[in-house]
Every structure is written in C-alpha cells, then in structure tokens.
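Worksheet: the structure to be examined is printed underneath.
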Amino acid sequence: MDTFMLSRLQFAANISFHILFPTITIALCWFLVFFRLRHDATRGTPAAAGWEQAYYFWTKVFALTFAMGVVSGITMSFQFGTNWPGFMEHAGNIAGPLLGYEVLSAFFLEATFLGIMLFGRGRVSDRVHLVATLMVAFGTTLSAFWILSLNSWMQTPAGYEIIDGKFHAVDWLAIVFNPSFPYRLGHKLLASALTAGFLIAGVSAWQLLKGTATEGTRKALRTAITAVALVIPLQIFMGDLHGLNTLQHQPAKIAAIEGIWHTEKGAPLTLFGWPNEKESRTDYALQIPKGASLILAHDADAELKGLNEFPGAHPPVAPVFWGFRVMVGLGLLMLAVAWVAAWVLYRRRAHDLATLPRPLLYTLVGMAFSGWVATLAGWYVTEIGRQPYLVYGLFRTADAVAPHAPAMVAGTLAAYLTVYVLLLTAYVGVIKYMAEHSTLPLPAVAPPAPAQAS
Amino acid sequence: METLTWATALPLIFMAIMGLALLAYVILDGYDLGVGMLLPFATDAEKDVMVSSIGPFWDANETWLVLGIGVLLICFPMAHGMVLSALYLPVAVMLLGLVLRGVAFDFRVKARDAHKATWNRVFAAGSLVTTLSQGWMLGAYITGFQRDLWGMLFATGIALTLPAAYAMLGVGWLIMKTDGELQRKAARWGQGALWPMGFALMGISLATPLVSRTVFDKWFVLPELFALLPIPLACVAAFFAIRHVLAAPRVVAAGYGWIVFAATVLIFVLAFFGLAYSIYPYIVIDRLTVWEAASATESLAVIGVGVAITLPAIILYTIFMYRVFWGKARELTYGL
Numbered sequence: 432m433d434t435f436m437l438s439r440l441q442f443a444a445n446i447s448f449h450i451l452f453p454t455i456t457i458a459l460c461w462f463l464v465f466f467r468l469r470h471d472a473t474r475g476t477p478a479a480a481g482w483e484q485a486y487y488f489w490t491k492v493f494a495l496t497f498a499m500g501v502v503s504g505i506t507m508s509f510q511f512g513t514n515w516p517g518f519m520e521h522a523g524n525i526a527g528p529l530l531g532y533e534v535l536s537a538f539f540l541e542a543t544f545l546g547i548m549l550f551g552r553g554r555v556s557d558r559v560h561l562v563a564t565l566m567v568a569f570g571t572t573l574s575a576f577w578i579l580s581l582n583s584w585m586q587t588p589a590g591y592e593i594i595d596g597k598f599h600a601v602d603w604l605a606i607v608f609n610p611s612f613p614y615r616l617g618h619k620l621l622a623s624a625l626t627a628g629f630l631i632a633g634v635s636a637w638q639l640l641k642g643t644a645t646e647g648t649r650k651a652l653r654t655a656i657t658a659v660a661l662v663i664p665l666q667i668f669m670g671d672l673h674g675l676n677t678l679q680h681q682p683a684k685i686a687a688i689e690g691i692w693h694t695e696k697g698a699p700l701t702l703f704g705w706p707n708e709k710e711s712r713t714d715y716a717l718q719i720p721k722g723a724s725l726i727l728a729h730d731a732d733a734e735l736k737g738l739n740e741f742p743g744a745h746p747p748v749a750p751v752f753w754g755f756r757v758m759v760g761l762g763l764l765m766l767a768v769a770w771v772a773a774w775v776l777y778r779r780r781a782h783d784l785a786t787l788p789r790p791l792l793y794t795l796v797g798m799a800f801s802g803w804v805a806t807l808a809g810w811y812v813t814e815i816g817r818q819p820y821l822v823y824g825l826f827r828t829a830d831a832v833a834p835h836a837p838a839m840v841a842g843t844l845a846a847y848l849t850v851y852v853l854l855l856t857a858y859v860g861v862i863k864y865m866a867e868h869s870t871l872p873l874p875a876v877a878p879p880a881p882a883q884a885s
Numbered sequence: 002m003e004t005l006t007w008a009t010a011l012p013l014i015f016m017a018i019m020g021l022a023l024l025a026y027v028i029l030d031g032y033d034l035g036v037g038m039l040l041p042f043a044t045d046a047e048k049d050v051m052v053s054s055i056g057p058f059w060d061a062n063e064t065w066l067v068l069g070i071g072v073l074l075i076c077f078p079m080a081h082g083m084v085l086s087a088l089y090l091p092v093a094v095m096l097l098g099l100v101l102r103g104v105a106f107d108f109r110v111k112a113r114d115a116h117k118a119t120w121n122r123v124f125a126a127g128s129l130v131t132t133l134s135q136g137w138m139l140g141a142y143i144t145g146f147q148r149d150l151w152g153m154l155f156a157t158g159i160a161l162t163l164p165a166a167y168a169m170l171g172v173g174w175l176i177m178k179t180d181g182e183l184q185r186k187a188a189r190w191g192q193g194a195l196w197p198m199g200f201a202l203m204g205i206s207l208a209t210p211l212v213s214r215t216v217f218d219k220w221f222v223l224p225e226l227f228a229l230l231p232i233p234l235a236c237v238a239a240f241f242a243i244r245h246v247l248a249a250p251r252v253v254a255a256g257y258g259w260i261v262f263a264a265t266v267l268i269f270v271l272a273f274f275g276l277a278y279s280i281y282p283y284i285v286i287d288r289l290t291v292w293e294a295a296s297a298t299e300s301l302a303v304i305g306v307g308v309a310i311t312l313p314a315i316i317l318y319t320i321f322m323y324r325v326f327w328g329k330a331r332e333l334t335y336g337l
C-alpha cells in the first residue's frame, strides 16, 4: 500500500476510535444531569437513594469514557500536522478558527469543570456542583457544534473565496451555518442520545440478569428506554432530511449509497446486492422498482443522477453502499427493540423489573454497543462518500498528504491499532466488571468546608 | 519607522499565546507526569495518595497542550505542517504514551484489583515515554531539525534531561500535597533528581549556542550579554534554593515546602524566556519567521476575538478549581 492509503487508514483508525467516546459522553452527561435533578426533586423520599445510585454508577462510566475521549482527542489534534499538512496550508484560514473555538469554548469547559463534577463531593456547595455538571454537559455539546460545523463545511463549503489556491473566509455566518450543518448536527446529537441510551439499557439489563441490580439500575433502565423510544423515530426522520440535503449538494454520494450506476428515470431502490465497480453494476440486486426515485424525489418517475455523471470524482461504491445499509438496518432494529421494551416496561409499572422477560434483557445486552456500530457505519457513509475530495468539489484528499515513507506510516498505524484494540477490550471489560460489582455510593458527607488556603 | 499594523501585531500576539500555553502545559502536565514517573518508588497505599493528588487536574492540564498545538495549527498552519511532519515518530510515541497513561489513571481504580499493579506500571511507563519524547521533540526543534550526529546527540541529551526536571516538579507537588512519610520520601526522591537535573540544564545551556550559530550570535554580543546574565544567575539561585529545602526537613515542616515547586517553576519560566529570546523572530529556527507562517489576518482577527473573551475565563476558573482542591490530597470519591 502507498503512503496515501496508509495515511487515510491511520486517520480513519484514529477518528473512529475517538468518536466512540464523545458519542457516549455528549448525551450521557445530560442523562447525569437528569439523574441529578431527579435526585434533588425527590430529596427526602425513598426514590432519592435510587437516583443517587444511578448518578453514582454512571458518573464512574462517564469519567472512564471521558478520559478515553480526551486522550484520543489529543491524538486527533496532531494528526492534521503529522499526516495532512496540506489541509491546514490550504484550508487553515477557515478550519483554524472553527477548531480554535472548539478548543477554547468547549474543551476547556469540559476538562476544567470535570474535576469538580467528578470529585467535588463535599468540597463545593450543591449549587456549584450542579453548575459544574451543567458546564460539562454544555461543553461537550458545544464541542460537537464546532467540530460538526467544520466537518459540514468540508462537505458543503460556503462563505469562502479562493485566492492563490488558499481558502479565505468571506462570510463567517455562512461558513458556520453551511447548508448541511443543521442536519448533520441534529443527526449526530440524536445518535449520541441513542448510543448512550442503549448503553445504559444494555448495562442495566446485564445487572438485572446477574443479580447486581440496585434501585438505581431500575431507574436508569426506565430513563434510558423512555429516551431511546422517543428519540429513535426523530432520528429516522432526521436521517431522511439529511439524505435529501445530501441529494441536493452531493449527488455522487447518493448515487453510491443507492448503487445507481447510470442516470435513469424511475430508478429502482436496491435493498441488497453486491456492488461491482469494475462492471458498473450491482450483482444479485434485490430491487423495488421506482423505489429510489419515489423516496428521494417523492416522484416515481423522477430522474436520478448516476455515478457515470462523475467520472473520477465519485467515492468508492462498496463501503458507502454497505455502510448505509448497516446504519439503516440498525436504526430499524433499534426502533423495534426500543418500542417493544418500552411497551413491556410500561405495562409493568410496578417495581417488579426483576421479572422482565429474559429474552428482552438479553436483547438489550446485545444492543448495548449498537449505537457505536451505527455511528461508525454512518460516518463511513458520509466521510468515504466525500472522497476523492477533502473539501467537497474543491480540494482533493491526495493533495494534502505528507510524503512520509510508507514503512513509517505502516509502523505507526500498526502501533495505534494494537493500542486501540487493547484499550477497547479493556474498556468493555471494565464496564462489565463495574456492572457486576456495582457498589453503593458513600453516604452523603457533612456540608463542605469553604475552600481555604493553607 | 515601520508602523504597527494588525498584520504585524496579530502573529506576534498569537506567538505569545502559543508560547504561554505551552509553558503552562510543561509546568502543569510536568508535575503530573513527574508524579507518574515517581509512582514505582512508592508503596501501594502511597500510590493511591499520589494519584489522588493529581486526579482532579490532569484532564485540564493536558488540555493546555491541545491549546498550544491548536494555536500552532490554527494561526501558523505552515509551521504546523513543517514541525509535525519533521517530528512524525516522536509525536506518535508521545501520543501513545499520553493515551496509555491517561486511560491507566481511570482503569487502575475501576478494573479488578488483580489488574491494578499492571495499570500502575502502564501509568508510570506512559508518563516516562511521554516525557522522553517531549524532550526529544524540544531538542530537535531547537536545532531546527538537524539530522546530523550533533543534532541527534543534542536531542538525546534533552530527552534524558526532561524526566529529571519533570520529576522535580512532581517532587515539589508531592511535598505540597502530602504529608508524613510520603512527604519525606518525596524530598529524598528530589535529592536524587537534583544533580542530574542541574548538570543536564547546564549542559543544555552551554550546548545550545554551540549547535546553533543563530543562538550564539544573539547571546554572545555586548551589551546584550550583560542584560541577559540575570537569567542564568537566577536559575543557579533557584537550584540552590531547591537543594537547601530538600535537605532541611525543618524548613518543610515549617510550611516552606512550596519553595521546591516554586523554584523549579522559576527555572522552567526562565529557560522558556531564554529559549524564546534565542529563537525570535523565527517560529522554525532559520527557516520560517512568525509572519511567514501566519494565517490570513482576517482569520487571526476572528479567532482573536474568541481568545480575548475565553482565555481570561479559562484562567479564572482554572484558579477556582485549584482553590477547590487546595490543601493536602484526600481520597477521591465520586458522587453527588
């Protein structure tokens, strides 16, 4: 393999590993805020202890996940320079401030207040602690805002002019709120809610199965199932809007997703098949006649552009085609599981969650990390779907890569992959261990002494 | 005389911000990396106290590195590519070290007890590897990425120096944040790190002008030499202050243990300004000046507004956080 391909793989490995953790923490932090507020609201009643247990357990998971996100995020900030210097040299005037605002306004909010949120018990007042928790939640969401703004700008660039091959900013509002940004941000935040929700539900189900459930487990499970059952239809709707937006701005990506090789009227919807890029056709295709035209243009006879319209400027078909089907398939599965679980849960409003049907609990355990798979599949659709461009239609990925020796890039890639596999194993293992040995929170301590200099 | 315009001033302002962010990083993450490297010398109970002493801080400490590298990336894209491409391997090694120590911090208390010793070792090894590669990167940067024997020797020299210097910061931190036997132990570790740090700093100071003609010409001319003399003299004074406090338990007991940390910080600050003076106006020595490397003025202005609003806030709540966790380290507990 050449340096270009190896560098792309390395970037994909780093960003895939990184995105796993923010995808959990963005929404998990709002779940924690909710647990915390419920605890405050039920103070003095038996329910308060349950909310505190839920808060306590998931704060530990949050701390672990956040640490994984921080360290893998540091790796990201170096990747641009070590492997893709051409990107910042050409697009730095626009990418720079967006990344800068992410670091300044968001990253610091998270990292600084995290210490107080995690370990502030007994050191600051309840009110300050709540503010710190809100700051962390707000910071993680703000991080997503800026990063997705830049990512969307790379997909649907706006508000720029090009002088001597370099991008210059003309209209910052148009840059930040570029055409695909609202859809992408909404899609990502909802994805985070689903990822965190299914993780909470899966781990809680495991605790019920293993007999380590507490009152907090039941509260967390109920919250998570309610959340995912409400969010999943929104997400499917948002995904559809995002797809229509993509059709408007990146028809080549849609052609690859749908496996439309030649421009045609009344294009069929391919459910499954084997994309054959050499022969420009989909082998063994299972198709619904006129389906794609109907879904994408809301007109059974509408013309859809095929890949033949974009010679040398369309993405590789197979990964985009398959990524999309994995994402959509998981989305539908989430819908089914979330609604069945919600139905079962609400029919048993009493406290006998221990008697939940075991097949349902095992299904929830199996879905614990389904958000990760769907998120990655979706990212591969949109990012591989942007190829061969880095800034869509304007700047090619191949023009940004640093000319390192292939062996060196292969060496670092192997090292990163090894570490990532080990850490993922450890992460999942530790969460499982924590679920099976859930401890109760320490009794609330006396009112904190004011901080004082010694 | 040239008039001062935004196009000339903004790159300088951001150079200063980047430098200060990296200085803040070196001091702040320096002490927690130092504590990490000292971990193997402590008993199991002491290890928990040591990790507790840095627990609430390390996330934020490492974020200063992201800010420093972020400013390089955002404001000096040309230099960012040149510097990080040249440092490809050490950067990768440092990142792996940072990743391992960062996660080990959390895993060591959450994994099953049988694995705790392994995560402790990962934590210490990650801290050491991170420090070694940062030293190497600094050395390579000062020589302008010379690939000859002297350049390599110089970078190796700094790579071996930095662990002693970070360990001293860690010692200073532990003297402030712990008491009893661990505090006494920390002072002993400090005595062990003292002379290696002193000799290495002296060696670097003498070698820098020798490997770089540009640096030599900036220091060894009159009258600048006399104006600069306070820098090395203050370093020597700080060094002997550390030596005195470490050897005198009574001074520590009387509440002056913070002198070790403060004097080590002083050495870092002075070395930083010495280095800044040596390199200015270059961002990559002898190759790229601050202005050649800078982004378009309109982009710098946009990010400048954000910096002017957020940086003071960041500094204020960083101080607030240090006040909240002021005093001797206690066991860390999660909860409401």
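Taken in order, these protein sequences are the chains called C and G.
Using my numbering, the first residue of the first sequence is number 432, and each one after it goes up by one.
Using my numbering, the first residue of the second sequence is number 2, and each one after it goes up by one.
Heads up, the beta-carbon is just placed ideally off N, CA and C, and yes, glycines get one too.
Nothing here was measured: the structure is a model prediction, and the numbers come from that model.
- Annotation for C:Lys619: the continuous alpha helix (DSSP H) segment containing it runs 612-641.
- When DSSP states are grouped into helix, strand and coil, C:His599 belongs to the strand group.
- Boundaries for G:Tyr257: no beta strand (DSSP E) harbours it, and the DSSP string shows neither H nor E there.
- Residue pairing from DSSP places C:Leu717 in a beta bridge opposite C:Phe703.
- C:Val768 and G:Ala105 have their C-alpha atoms spaced approximately 35 Å apart.
- For a cut-off of 8 Å, the C-beta gap from C:Ser583 to C:Ser611 is around 5 Å, short enough to register as a contact.
- The C-beta of C:Glu689 has 16 or more other C-beta atoms within 10 Å across all chains shown, which makes the residue buried.
- Interface criterion not met: the Cβ of G:Val27 is under 8 Å from no Cβ in chain C.
- Here C:Met669 has Tyr614, Gly617, His618, Leu621 as same chain residues with Cβ atoms under 8 Å from its own Cβ, once five neighbours each way along the sequence are excluded.
- For G:Tyr283, no alpha helix (DSSP H) segment is defined; the enclosing uninterrupted segment is the beta strand (DSSP E) at 283-285.
- With contacts defined by Cβ atoms closer than 8 Å, C:Phe755 and C:Val812 form a contacting pair.
- Straight-line spacing of the CA atoms in C:Gly475 and C:Ser508 works out to 47 Å.
- Here G:Ile243 is buried: its Cβ has 16 or more other Cβ atoms, across all protein chains shown, within 10 Å.
- Counted as a single uninterrupted DSSP element, the alpha helix (DSSP H) harbouring C:Ile505 occupies residues 478-514.
- One Cα belongs to C:Gly842, the other to G:Phe146, and the distance between them is close to 21 Å.
- Non-local C-beta neighbours of G:Ala160 in its own chain, meaning closer than 7 Å and more than five positions away in sequence, comprise Leu133, Gly136, Trp137, Gly140, ordered along the chain.
- Counting the other CB atoms within 10 Å of its CB gives G:Ala22 a total of 16 or more, which places it among the buried residues.
- If only complete runs of 3 or more residues are kept, the segment 793-865 of chain C shows the beta strand (DSSP E) at 820-822, in order along the chain.
- Taking C-beta separations shorter than 7 Å and ignoring five residues to either side along the sequence, the partners of C:Asp730 in its chain run Ser724, following chain order.
- The residue among G:Gly31, G:Ala25, G:Val67, G:Thr131 with its C-alpha nearest the C-alpha of G:Val172 is G:Gly31.
- With respect to C:His521, C:Phe598 sits close: the two C-beta atoms are nearer than 8 Å.
- G:Thr290 carries a strand assignment under DSSP once its states are collapsed to helix, strand and coil.
- Against chain G, the beta carbon of C:Tyr532 has neighbours under 7 Å at Gly307, listed in chain order.
- Per DSSP, the beta bridge partners of C:Glu695 are C:Leu735.
- For C:Ala846, the nearest beta carbon of chain G is closer than 8 Å to its own beta carbon.
- With distances taken between CA atoms, C:Ile593 lies nearest to C:Asn524 out of C:Asn524, C:Thr490, C:Tyr777, C:Gly704.
- The three-state reading of DSSP puts C:Glu592 in strand, counting E and B together.
- In this model, G:Met83 and C:Phe518 are separated by some 13 Å (Cα to Cα).
- Straight through space, the alpha carbons of C:Thr490 and G:Thr131 are spaced by roughly 28 Å.
- Runs of the alpha helix (DSSP H) lying entirely within the segment 114-162 of chain G and spanning at least 4 residues, in chain order: 117-143.
- Separation of the CB atoms of C:Ala733 and C:Lys696 is rounded to 7 Å, and the pair is thereby assigned contact status at 8 Å.
- Per DSSP, reduced to three states, the secondary structure at C:Arg649 is helical.
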